[in-house]
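The numbering of the sequence shown is the UniProt record's numbering, which starts it at 1 and goes up by one. Where a beta carbon is used, it is the ideal one built from N, C-alpha and C, also for glycine. Since the model is a prediction, treat every value here as computed from it, not as a measurement. For reference, the structure is listed below as structure tokens.
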Amino acid sequence: MGIQRMDNVAIVVKDLDGAVDFFTELGMELEGRTPIEGLFADQTVGIDGIRSEIAMMRTPDGHGRVELTTYHSPALITPEPLAPAPNTVGLHRIMFAVDDIDDTIARLRTHGAELLGEVANYENVYRLCYLRGPEGIIVALAEQIG
Numbered sequence: 001m002g003i004q005r006m007d008n009v010a011i012v013v014k015d016l017d018g019a020v021d022f023f024t025e026l027g028m029e030l031e032g033r034t035p036i037e038g039l040f041a042d043q044t045v046g047i048d049g050i051r052s053e054i055a056m057m058r059t060p061d062g063h064g065r066v067e068l069t070t071y072h073s074p075a076l077i078t079p080e081p082l083a084p085a086p087n088t089v090g091l092h093r094i095m096f097a098v099d100d101i102d103d104t105i106a107r108l109r110t111h112g113a114e115l116l117g118e119v120a121n122y123e124n125v126y127r128l129c130y131l132r133g134p135e136g137i138i139v140a141l142a143e144q145i146g
């Protein structure tokens with residue numbers, strides 16, 4: 001039997017409230033927040049003594065989720081550099097389809113987002129961009145224009 005669906009993408013952040021605000025501004029809905037700790041968490045993640053909090057964000061269509069997680073114990077590990085280049089090996093970015101890319105960028109800038117390049121036109125079908133959000137997360141946006 002194969003997989004049923006992709007359930008969520010988890011992102012570890014220092015500032016959970018700031019990340020929730022950013023993804024809310026993007027258009028996601030807060031599904032819920034809860035502390036996570038105990039034997040099941042330790043066994044699942046493979047780290048002893050986990051005390052964390054998660055905020056589950058849901059796309060408006062209800063099919064996509066981003067799990068924002070902050071760890072109270074053990075202490076967070078901050079990679080160097082915090083904001084790696086887009087061509088760094090590993091998880092690259094998370095992409096969202098948007099109705100109005102310019103409006104979305106303007107709203108996200110109020111939450112600290114910065115464009116990595118510029119808004120590009122792909123064959124008059126999509127307008128695309130990468131921006132850096134909270135905690136160095138690269139968020140890609142795509143607006144279908146043709």
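In the displayed model, L108 falls within a helix according to three-state DSSP. The closest CA to that of G146, considering only I137, N124, A140, is found on N124.
Closest by C-alpha distance to L91, out of V139, D17, V98, D42, is V139. Per the DSSP secondary-structure output, E114 pairs in a beta bridge with R132. Spatial neighbours of D21 in its own chain (CB-CB distance under 7 Å, excluding positions within 5 residues in sequence) are listed in chain order as H111. Inclusion of N8 and R51 in the CB contact set at 8 Å is not warranted, their separation being larger than that value.
Under the three-state reduction of DSSP, L76 is assigned to coil, being neither helix nor strand. Between G49 and L82, the gap from beta carbon to beta carbon reaches 8 Å or more.
According to the DSSP secondary-structure assignment, P35 is paired through a beta bridge with E53. Within 10 angstroms of the beta-carbon of R33 lie fewer than 16 other beta-carbons, which makes it exposed.
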